[in-house]
Amino acid sequence: MTMNNLLLGLVPERIRARANGYSFLLYDTSWTLDRNITINLADIHHYLSDGTLDGCLRTLAFYASNRSSSHTKNILERFQHMLRETDAREITDTVLINYRSMLSPATEWYLATIRGFLRSWHELGYPGISKEVNRLLDGWTLKGNRKGDAVKRMDPQEGPLTDNELTAFNEGAVRAYEKSLIT
């Protein structure tokens, strides 16, 4: 793995994660956010140019310090997907338009997820997100992640219950029937 020029000679900056007792170094390629979640930032270090990388890491650090670790991880995963698909070194309106054209209606929520991240990045004033990019994002209407669809369809593969939940429910129903609590 190559080291970005920006990172050479920098004093390590320790950031506190939202979870008590967890912290990370801003320019590390791996951050432990809590006992269950460690995020890998290698793709961000690989793809982004120096100034954009700095802005991205500082915005992610803001999320890691102020939002849940799961939310931070989800944003990172969607953002890294965009970088891999577009091979982007900078975040431009062209990159976002191309990425949106690659997504299907079922996956448009990927861009909806990172839109809030990119807006925050711009609002925090870190380098890497221009006014034009922010204006483009504001002009788009994006569909969010489909929620409850597996439950509504009673999909046996994706929901509404896991195998363990279904077994526990059935066993509980049998016990209640045996005790004449239900008929």
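Count along the sequence shown from 1, then add 1224; that gives the number in this note's numbering.
Here a beta-carbon is modelled for each residue, glycine too, at the ideal position from N, C-alpha and C.
Computed from a predicted structure; not experimentally measured.
Exercise. Would you call the stretch 1315 to 1329 and the stretch 1285 to 1293 touching, i.e. three or more CB-CB distances under 8 Å?
Worked result: no
For this session: Let me know if Ala1392 comes out buried or exposed under the rule of 16 or more other beta-carbons within 10 Å of its beta-carbon.
Result: exposed
Exercise. Which parts of the stretch 1251 to 1307 are runs of the alpha helix (DSSP H), unbroken and 4 residues or longer, counting only runs that do not cross its ends?
Worked result: 1266 to 1271, 1274 to 1290
Exercise. For the 8 Å Cβ check, are there 3 or more pairs between the stretch 1241 to 1250 and the stretch 1304 to 1322?
Worked result: no
For this session: Report the three-state DSSP secondary structure of Ser1325 (helix, strand or coil).
Result: helix
Exercise. To the nearest angstrom, how far is it from the Cα of Asp1252 to the Cα of Phe1341?
Worked result: 20 Å
Exercise. Among all the DSSP beta bridges, which residues are the ones paired with Leu1249?
Worked result: Arg1238
For this session: Let me know if Ser1174 comes out buried or exposed under the rule of 16 or more other beta-carbons within 10 Å of its beta-carbon.
Result: Nothing can be reported for residue 1174: it is not among the residues displayed for the chain, which extend from 1225 to 1407.
Exercise. How should Val1398 be labelled, buried or exposed, when 16 other C-beta atoms within 10 angstroms of its C-beta is the threshold for buried?
Worked result: exposed
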